[in-house]
Amino acid sequence: MNRFIVLASALVAALVCRASAGEPGWLADQNFTANVAYTSDYVFRGVSQTNSSWAVQGGFDYAAPAGVYLGTWASNVSFGGGVEMDFYGGYAGETAGFSYDLGVVYYAYPKSHDDPELNFVEGSLSLGYGLPALGPVTPSVGLSYAYSSDFFGEDGPAHYLAGSLGLDLPWGLSVSGDLGWQTVAGDKTTGGGAGLDGDDGFDYWHYRVGVAASAKGFDLDLSYHNTTEADFLGSDLADGRIVFTVSRSL
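Put into structure tokens, the structure is as follows:
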């Protein structure tokens, strides 16, 4: 399960650059990109998807000059047959200094034969705004909302709200932080009193702070993640942890 404020920002930046360059067609080579990554722990909304172990990840993206984008992304996980594949699409752009991204993603676990069903669909809206520079520091803020009518594990409706702050520094460095809130109604997985505090469903907060750098075509990220409900989510999955990721766009 993947990261969408960052994805939205990258897509908007690519679309703006292509529009300023006057790129001619929908099938130009620049519209197609790929990415690969290695991470010490695949963390989604504060929760490890790899049982606190490493992951190899990668994907392909298409971004049209008109703002339409499509993509796919995959990673190893420690459940659901060991593989997650995401398929997504949407529309991204920029107006009056605000970036926006309206998208939908299908999270699939193709080797899973679990009951309840793990696959689910989620729609999202992300907004971003670049603030005036403060000396050598360029700040930006973001806000995103996601909704699923039947969340992971057939667990009923779910809402997710997150905010982000980024600071671009000199020498290709950046500092960023995210704060998110996930709530799930509870059905097949955490319904019937199997949720948080003996109720149906659950909710929790999570946060991340990190520093990133780019060097020789690689992006390096070192982040700290934590949640407010590690006892319920699993202390080995959702307690505080430091994660290192190296990635490259192709």
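Residue numbers (the working numbering): 3 to 252. For every residue, glycine included, the Cβ atom is placed at its ideal position computed from N, Cα and C. Predicted model only: the values in this text are computed from it and were never measured.
So the beta strand (DSSP E) residue i belongs to, where does it begin and stop?
i: residue 246; result: 243–251
i: residue 127; result: 122–132
i: residue 59; result: 57–65
i: residue 227; result: 220–229
i: residue 2; result: Past the edges of the chain, shown from 3 to 252, lies residue 2, and the structure says nothing about it.
i: residue 35; result: 34–41
i: residue 184; result: 175–186
i: residue 97; result: 85–97
i: residue 75; result: 70–78
i: residue 140; result: 140–150
i: residue 162; result: 160–170
In whole angstroms, what is the alpha-carbon distance linking residue i and residue j?
i: residue 153; j: residue 161; result: 9 Å
i: residue 186; j: residue 27; result: 42 Å
i: residue 245; j: residue 236; result: 17 Å
i: residue 193; j: residue 31; result: 48 Å
i: residue 132; j: residue 221; result: 21 Å
i: residue 252; j: residue 67; result: 19 Å
i: residue 156; j: residue 114; result: 14 Å
i: residue 240; j: residue 167; result: 22 Å
i: residue 189; j: residue 196; result: 9 Å
i: residue 29; j: residue 49; result: 38 Å
i: residue 145; j: residue 95; result: 15 Å
i: residue 198; j: residue 129; result: 31 Å
i: residue 116; j: residue 110; result: 12 Å
i: residue 165; j: residue 127; result: 12 Å
i: residue 191; j: residue 158; result: 9 Å
i: residue 63; j: residue 70; result: 11 Å
i: residue 136; j: residue 143; result: 14 Å
i: residue 123; j: residue 218; result: 36 Å
i: residue 43; j: residue 99; result: 34 Å
i: residue 138; j: residue 172; result: 6 Å
i: residue 216; j: residue 225; result: 15 Å
i: residue 65; j: residue 35; result: 8 Å
i: residue 238; j: residue 208; result: 15 Å
i: residue 234; j: residue 163; result: 20 Å
i: residue 101; j: residue 147; result: 14 Å
i: residue 151; j: residue 229; result: 23 Å
i: residue 212; j: residue 227; result: 9 Å
i: residue 103; j: residue 125; result: 11 Å
i: residue 47; j: residue 223; result: 16 Å
So, residue i versus residue j, is the Cβ gap smaller than 9 Å?
i: residue 169; j: residue 141; result: yes
i: residue 92; j: residue 83; result: no
i: residue 107; j: residue 89; result: yes
i: residue 149; j: residue 184; result: no
i: residue 75; j: residue 37; result: yes
i: residue 45; j: residue 210; result: yes
i: residue 243; j: residue 54; result: yes
i: residue 41; j: residue 247; result: yes
i: residue 232; j: residue 175; result: no
i: residue 39; j: residue 73; result: no
Could you check where the alpha helix (DSSP H) with residue i kicks off and where it finishes?
i: residue 216; result: Run containing residue 216: none in the alpha helix (DSSP H); it sits in the beta strand (DSSP E), 204–217.
i: residue 238; result: 237–240
Thinking residue i and residue j are a contact (beta carbons under 8 Å), I'd like their distance in whole angstroms, please.
i: residue 52; j: residue 78; result: 7 Å
i: residue 112; j: residue 85; result: 6 Å
Does any residue of chain E bring its CB to less than 9 Å from the CB of residue i?
i: residue 72; result: In summary, chain E is missing from the structure at hand, where a single protein chain is found.
Legend entry - Segment contact flag, the region 170–179 with the region 190–203, C-beta cutoff 8 Å, min 3 pairs: With a cut-off of 8 Å, the region 190–203 and the region 170–179 do not count as touching, because too few Cβ pairs lie within range.
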